[in-house]
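Residue numbers (UniProt numbering): 1 to 264.
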């Protein structure tokens with residue numbers, strides 16, 4: 001009788017919650033209990049389709065110069081529909097044409113925070129969420145996000161060997177018109193002819209910039225321990241992107257630990 005009642009009602013209930021219901025096959029036996037339990041736990045963290053307002057992705061992607069940050073941020077932006085916010089781009093827009101570009105590492109905290117804060121409060125970032133390209137770089141910048149109630153949901157560091165960074169930076173050329181960086185020759189002859197190497201991409205300058213990043217990254221990581229993770233970024237962009245997306249999509253240990261039966 002009880003089984004008949006269950007079968008009579010379950011289809012209606014499943015249809016009612018079709019946007020969030022998940023079906024788990026259970027074949028019986030004590031040996032499957034742990035597997036079923038883990039599957040249930042993983043589905044509890046799944047965020048299905050809903051018309052209700054949800055917290056948007058707020059992602060910080062960190063790494064030294066030439067680590068592939070901008071490439072990864074661009075890919076995340078397209079994949080998740082979030083706004084790509086690049087401090088270097090904001091600086092170029094503020095400085096205007098004809099002025100020497102200043103690398104973000106050498107910009108004061110106050111100026112950097114003002115630019116980022118203003119951009120993140122614009123409507124598109126509030127509605128769609130954002131991915132921050134190379135911010136925060138210092139503990140003060142990390143604290144600014146906290147004080148401004150702009151808490152990131154994930155902070156991801158791209159780990160790249162110093163030698164790889166130097167090699168990439170030495171081959172990088174920038175289009176002064178668009179600000180786009182190229183590591184290989186573009187197809188357009190017009191673009192190729194106007195490409196230049198930025199002074200701060202020369203080996204001695206790159207070493208200074210990498211050293212600055214190394215001096216500050218641990219303090220930034222300590223500021224956001226619960227949402228901080230690392231991804232090896234020496235490989236191809238597509239492989240790195242898979243690792244980054246995994247960090248963004250999967251529940252954090254701190255989130256799983258909220259389950260008293262998780263063993264964490």
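Glycine included, every Cβ here is placed at the ideal spot set by N, Cα and C. Since the model is a prediction, treat every value here as computed from it, not as a measurement.
**Item:** Spatial distance of residue 2 from residue 249 (CA atoms)
**Value:** Each residue's alpha carbon lies about 39 Å from the other.
**Asked** So, is residue 135 buried or exposed, given that buried needs 16 or more other C-beta atoms within 10 angstroms?
**Response** That one is buried.
**Prompt:** Just how far apart, CA to CA, sit residue 111 and residue 24?
**Reply:** The alpha-carbon separation between residue 111 and residue 24 amounts to approximately 52 Å.
**Asked** CB-CB under 6 Å to residue 45, same chain, minus the five flanking residues each way: which ones, in chain order?
**Response** Residue confidence is low: residue 45 scores 48 on pLDDT, short of 50, so the model does not pin down where it sits. No coordinate-derived value is stated.
**Request:** Return the chain-ordered list of same chain residues with a C-beta closer than 6 Å to the C-beta of residue 52, the five sequence neighbours on each side being excluded.
**Result:** With a pLDDT of 41 at residue 52, under the threshold of 50, the predicted position of this residue should be treated as unreliable, though the coordinate-derived value follows. None.
**Message:** Taking DSSP's pairing of strands, which residues face residue 181 in a bridge?
**Reply:** Under DSSP, residue 181 takes part in a beta bridge, and its partners are 174.
**Prompt:** Going by DSSP, what residues sit across from residue 62 in a beta bridge?
**Reply:** Answer is 157.
**Asked** Should residue 194 be labelled buried (16 or more other beta-carbon atoms within 10 Å of its own) or exposed?
**Response** With fewer than 16 Cβ atoms within 10 Å of its Cβ, residue 194 is classed as exposed.
**Asked** Do residue 237 and residue 68 have their C-beta atoms closer together than 8 Å?
**Response** Closer than 8 Å, so yes.
**Request:** Mind reading off the beta-carbon distance from residue 219 to residue 139? Whole number of angstroms is fine, and I expect it under 8 Å.
**Result:** About 4 Å separates the two Cβ atoms, so the contact holds.
**Prompt:** Do residue 117 and residue 66 come within 8 Å of each other at the CB atom, strictly closer than that value?
**Reply:** Not in contact: residue 66 and residue 117 (Cβ atoms no closer than 8 Å).
**Asked** Do residue 82 and residue 151 have their C-beta atoms closer together than 8 Å?
**Response** Not closer than 8 Å, so no.
**Asked** Run through DSSP, which three-state label would residue 217 get?
**Response** Helix at residue 217.
**Request:** Hey, could you find the ends of the beta strand (DSSP E) residue 232 is sitting in?
**Result:** Judged by DSSP secondary structure, residue 232 falls within the beta strand (DSSP E) whose first and last residues are 228–232.
**Cβ neighbour criterion (16 or more within 10 Å) applied to residue 33** = By the neighbour-count definition (other C-beta atoms within 10 Å, threshold 16), residue 33 is an exposed residue.
**Message:** Measuring straight from C-alpha to C-alpha, what distance separates residue 85 and residue 40?
**Reply:** About 36 Å.
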